[in-house]
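When you read off a place in the sequence shown, starting at 1, and then add 3, the result is the number in the numbering used here.
Even glycine gets a Cβ: it sits at the ideal position worked out from N, Cα and C.
See structure below.
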Amino acid sequence: MKTAIARNFHVPLPEATYQRLKTTAKLQKRPATQLAKQALEQWLEQQERFAVHEEIASYAASIAGSTDDLDESFEAASLEHLAETESGQ
Numbered sequence: 004m005k006t007a008i009a010r011n012f013h014v015p016l017p018e019a020t021y022q023r024l025k026t027t028a029k030l031q032k033r034p035a036t037q038l039a040k041q042a043l044e045q046w047l048e049q050q051e052r053f054a055v056h057e058e059i060a061s062y063a064a065s066i067a068g069s070t071d072d073l074d075e076s077f078e079a080a081s082l083e084h085l086a087e088t089e090s091g092q
């Protein structure tokens with residue numbers, strides 16, 4: 004089993020940010036480096052999700068109004084389902 008290589012990364016922080024990090028670490032009884040790593044990982048995941056969202060939105064905008072925009076059989080099935088649902092109420 005391979006072990007992951009850990010890399011060090013120096014991040015200068017403004018004093019206020021540093022103090023907030025240290026205070027939070029003390030309150031949570033966790034190392035400040037662990038909190039910083041967790042925050043960075045969460046931010047990177049958020050950025051990755053945002054990038055995927057942007058790609059999907061770009062694709063959707065590029066096909067809007069084209070034949071790829073909506074499958075006619077799917078549209079018909081959806082309309083049929085809606086009509087059945089509304090008549091059953």
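What number of angstroms, rounded off, separates the C-alpha of residue i from the C-alpha of residue j?
| i | j | result |
| --- | --- | --- |
| Ala19 | Ser81 | 55 Å |
| Glu44 | Glu51 | 11 Å |
| Ile66 | Glu75 | 15 Å |
What residue range is occupied by the uninterrupted alpha helix (DSSP H) comprising residue i?
| i | result |
| --- | --- |
| Ile8 | Per DSSP, Ile8 belongs to no alpha helix (DSSP H) and is neither H nor E. |
| His13 | Run containing His13: none; DSSP gives neither H nor E here. |
| Thr36 | Ala35 to Ile66 |
| Ser76 | Glu75 to Ser90 |
Less than 8 Å between C-beta atoms, sequence neighbours within five positions excluded: which residues of the same chain meet that for residue i?
| i | result |
| --- | --- |
| Pro34 | Ala28 |
| Asn16 | Note on identity: in this sequence residue 16 is Leu, with Asn being the wrong assignment. Result list for Leu16: Leu24, in chain order. |
| Phe77 | none |
Between which residues of its own chain and residue i is the CB-CB distance below 6 Å, once the five residues before and five after are set aside?
| i | result |
| --- | --- |
| His13 | none |
Excluding sequence positions up to five away, which residues of its chain have a Cβ less than 7 Å from the Cβ of residue i?
| i | result |
| --- | --- |
| Glu57 | none |
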